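**Q** Questions regarding the structure given below will be posed in turn.
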Amino acid sequence: MLVILAAAVGCSTKQYTRPEVKIVPEPAKVVNADGVFVLNEKTPILVNEDNPELKQIAGFLTEQLSDFYGLNTSVDVADSPQKRAIFIGLDKSLNLGKEAYNLSVTPKQIVLKASAPNGLFYGVQTLIQLLPPSRQQLTEAVFPAVEIEDAPRFSWRGMHLDVGRHFMPVDFVKKYIDYIAMNKMNVFHWHLTEDQGWRIEIKKYPKLTEIGSKRKETIIGHAHESKEYDGTPYGGFYTQDEIKDVVAYAKARYVTVVPEIELPGHALAALASYPELGCTGGPYEVATTWGVFDDVYCAGKENTFKFLEDVISEVMPLFPGEYFHIGGDECPKTQWKKCPYCQARMKKEGLKNEHELQSYFVQRIEKFLNEHGKKMIGWDEILEGGLAPNATVMSWRGEEGGIAAAQAHHDAVMTPGNYCYFDHYQADPKTQPLAIGGLTPLKEVYEYEPIPKELSAEEGKYILGAQGNVWTEYMKTPERVEYMVFPRIAALAEVVWSPKASRNYDDFMSRMQDEVKRYDALGINYCKVEFQ
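According to the working numbering, the sequence shown is numbered sequentially starting from 6.
Written out as structure tokens, the structure is:
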């Protein structure tokens with residue numbers, strides 16, 4: 006419903022159409038009001054503390070006003086809200102959660118308050134969504150009057166990106182972080198090592214990038230059907246300085262970067278670089294096709310653990326977040342069963358089988374991480390043979406791993422393939438570019454419920470949230486990643502942010518009509534199947 010309103014600007018009275026409020030993810034509480042707030046280049050944007058962090062948060066709004074609408078506004082400091090101004094205020098007495106905010110838009114002023122900078126940042130994301138979704142040159146911008154009280158449902162609202170199968174340049178990784186932040190998500194899970202490429206500089210082990218970051222060629226077509234290769238060398242890695250730059254960029258957007266260094270499996274790039282770390286001693290080569298490979302880190306050799314502890318020691322300082330992801334998935338036991346070192350280790354440690362050997366391996370790494378102030382997180386295979394004492398489980402093979410972890414009073418992040426794997430097709434495969442398989446349409450993602458019904462209310466508290474996973478076997482370019490991520494990221498964002506009771510797919514799709522205009526304005530290559 007469009008309402009024509011009169012607003013006083015200076016001495017003249019002008020008619021304005023009140024825009025509809027269409028916010029994704031849906032805020033916890035929205036009360037529409039009459040009237041509009043009109044901003045022009047003279048409208049001050051005020052923060053209540055003279056500090057760089059608050060000014061930076063306000064700067065995201067001024068950047069949007071300038072970039073989208075050609076409106077150049079400035080940021081100033083004031084103790085309290087003022088008429089004809091946007092006030093962004095930190096107020097610890099509100100006792101809101103760290104990521105919560107209250108936003109009041111009236112014809113006289115806009116007041117955004119939160120108890121922590123994170124909440125103010127999310128409030129600014131909401132303010133941006135109250136503005137027109139398309140780029141246009143304006144002399145003034147109109148905000149609808151509205152009262153919003155908002156806070157996220159879950160603390161882990163994540164997106165993952167595999168840069169091992171296909172390397173993504175730093176400028177796109179930053180863009181990906183922007184996409185995470187604009188959807189009010191807060192975790193970037195960066196999958197940095199794979200059979201097909203090692204992507205992070207380790208100064209103590211230079212061959213990891215000299216050898217391990219490059220493969221001689223790449224399979225063409227689907228790995229299950231093709232025997233054809235492109236004959237073209239492929240590679241890329243991030244320097245430690247580039248990693249620091251990305252982490253700082255994410256921090257400014259309240260996104261925590263969680264690094265993943267895969268172990269004990271998915272290790273061929275490392276083994277090609279340092280063959281002595283494998284059970285057979287090699288030779289090995291960086292994988293040129295997709296799949297799961299039998300050659301993994303040797304669990305019997307002590308130098309494997311020295312290598313991994315050295316690598317982790319270089320990686321940890323680059324990522325100040327509390328979590329470190331160790332992978333732990335898809336580790337075949339074929340070589341361990343034949344390896345004299347692994348069998349000797351099992352005998353020495355009294356381990357009954359190779360699953361217990363994997364558990365021994367993971368628990369040693371967890372102890373090292375815990376001693377250095379990090380929490381370990383891993384794929385749900387880390388449950389096999391006994392869970393490490395303080396581990397968080399990422400449940401990907403369905404929900405069973407998350408349920409088992411929560412029932413054992415361990416934290417879990419839900420990322421089951423059927424709902425959260427954005428490498429799956431999102432529409433009829435005949436109409437879509439090649440993907441790994443599966444079918445996870447937008448509605449399926451939207452209707453996901455991260456707390457399984459099998460859990461009691463108390464056990465449900467161990468579900469930290471959910472995450473979308475982006476495995477890049479069939480995504481060679483940033484544009485292809487965007488196509489697989491958008492619009493499904495918006496559906497998942499609403500799953501992890503909005504109250505369960507308020508979720509409604511038809512209403513979501515109505516709000517998405519504006520959101521996809523914003524994608525167009527940002528040049529995002531999204532899948533248009535649901536919007537044609």
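Using N, Cα and C, we set each Cβ at its ideal position, and we do this for glycine too. Quick caveat: nothing in here was measured; it's all calculated off a predicted structure.
1. Rounded to a whole number of angstroms, what is the C-alpha to C-alpha distance between F148 and E104?
2. Under 8 Å, with one C-beta from each stretch per pair, do the region 151 to 159 and the region 247 to 264 reach the 3-pair mark?
3. Taking the alpha carbon of I224 as the point to measure from, which residue in W295, I317, G355 and M399 has its own alpha carbon closest?
4. Can E290 and E199 be called in contact, C-beta distance under 8 Å?
5. Report yes or no: do the region 298 to 316 and the region 202 to 217 share at least 3 C-beta pairs separated by less than 8 Å?
6. Look at the Cβ atom of I185, then the Cβ atom of L197, and state whether they are nearer than 8 Å.
7. By Cβ distance, which residues of its chain are closer than 7 Å to L444, with the 5 residues on each side in sequence left out?
8. Counting Cβ pairs, one atom from each stretch, are 3 or more of them under 8 Å apart for the region 331 to 347 and the region 384 to 395?
9. Just how far apart, CA to CA, sit A156 and Y451?
10. Can you tell me which of the three DSSP states H330 falls into?
11. With a CB to CB cut of under 8 Å and the five nearest residues on each side skipped, what residues in its chain are close to V129?
12. At a cut of 8 Å, does the region 83 to 102 reach the region 124 to 144 through at least three beta carbon pairs?
13. Alpha carbon to alpha carbon, how far is P86 from I50? Give it in angstroms, no decimals.
14. Could you check where the alpha helix (DSSP H) with G359 kicks off and where it finishes?
15. Would you call A119 buried or exposed, if buried means 16 or more other Cβ atoms sit within 10 Å of its Cβ?
16. Tell whether a beta-carbon distance below 8 Å holds between G163 and V418.
17. Answer yes or no: do L447 and H415 have a C-beta to C-beta separation smaller than 8 Å?
18. Is the region 490 to 499 touching the region 228 to 248, taking contact as three or more C-beta pairs under 8 Å?
19. Less than 8 Å between the CB atoms is what I'm expecting for W203 and L469, so what's the real figure, rounded?
20. Along the chain, where does the alpha helix (DSSP H) containing Y510 start, and where does it finish?
21. Starting from A146, follow its DSSP beta bridges and name the residues at the other end.
**A** Based on what the coordinates show:
1. Here residue 148 is taken as the residue at index 143 of the sequence shown, counted from 1. Here residue 104 is taken as the residue at index 99 of the sequence shown, counted from 1. Each residue's Cα considered, the two are about 23 Å apart.
2. Touching, no.
3. Your numbering for residue 224 matches position 219 in the sequence shown. Per the Cα distances, W295.
4. If you number the sequence shown from 1, residue 290 lands on position 285. If you number the sequence shown from 1, residue 199 lands on position 194. Cβ atoms of E290 and E199: not closer than 8 Å.
5. yes
6. For the purposes of this step, residue 185 is identified with residue 180 of the sequence shown, where counting begins at 1. For the purposes of this step, residue 197 is identified with residue 192 of the sequence shown, where counting begins at 1. No, these two residues do not count as a Cβ contact at 8 Å.
7. Against the sequence shown, residue 444 aligns to sequence position 439. These residues qualify, in order along the chain: H429 and Y430.
8. yes
9. Taking the sequence shown and counting its residues from 1, one reaches residue 156 at position 151. Taking the sequence shown and counting its residues from 1, one reaches residue 451 at position 446. Looking at the two C-alpha atoms, the distance is approximately 19 Å.
10. The sequence position of residue 330 within the sequence shown is 325, counting from 1. Three-state DSSP puts H330 in a strand.
11. To locate residue 129, count along the sequence shown from 1; it is residue 124. Result list for V129: I62, A63, F65, L66, I93 and L117, in chain order.
12. yes
13. As a first step, residue 50 must be located in the sequence shown, where it is residue number 45. As a first step, residue 86 must be located in the sequence shown, where it is residue number 81. When rounded, the distance between both Cα atoms is 10 Å.
14. Position 354 of the sequence shown, counted from the first residue, corresponds to residue 359. Inspection of the sequence shows that residue 359 is occupied by Glu rather than by Gly. Note, E359: alpha helix (DSSP H), E359 to E376.
15. As a position in the sequence shown, residue 119 is number 114, starting the count at 1. It is buried - the Cβ of A119 has at least 16 other Cβ atoms within 10 Å.
16. Position 158 of the sequence shown, counted from the start, is the residue given in the question as residue 163. Position 413 of the sequence shown, counted from the start, is the residue given in the question as residue 418. For G163 and V418, yes; Cβs fall inside 8 Å.
17. Here residue 447 is taken as the residue at index 442 of the sequence shown, counted from 1. Here residue 415 is taken as the residue at index 410 of the sequence shown, counted from 1. No, these two residues do not count as a Cβ contact at 8 Å.
18. By the Cβ rule, the region 490 to 499 does not count as touching the region 228 to 248, because fewer than three pairs are nearer than 8 Å.
19. Along the sequence shown, read from residue 1 onward, the residue named residue 203 stands at position 198. Along the sequence shown, read from residue 1 onward, the residue named residue 469 stands at position 464. That pair is no contact at about 29 Å.
20. The residue given as residue 510 occupies position 505 in the sequence shown. Per DSSP, Y510 is one residue of the alpha helix (DSSP H) stretching across Y510 to L527.
21. Looking up residue 146 in the sequence shown gives position 141. According to DSSP, which records beta bridges pairwise, A146 is partnered with L44.
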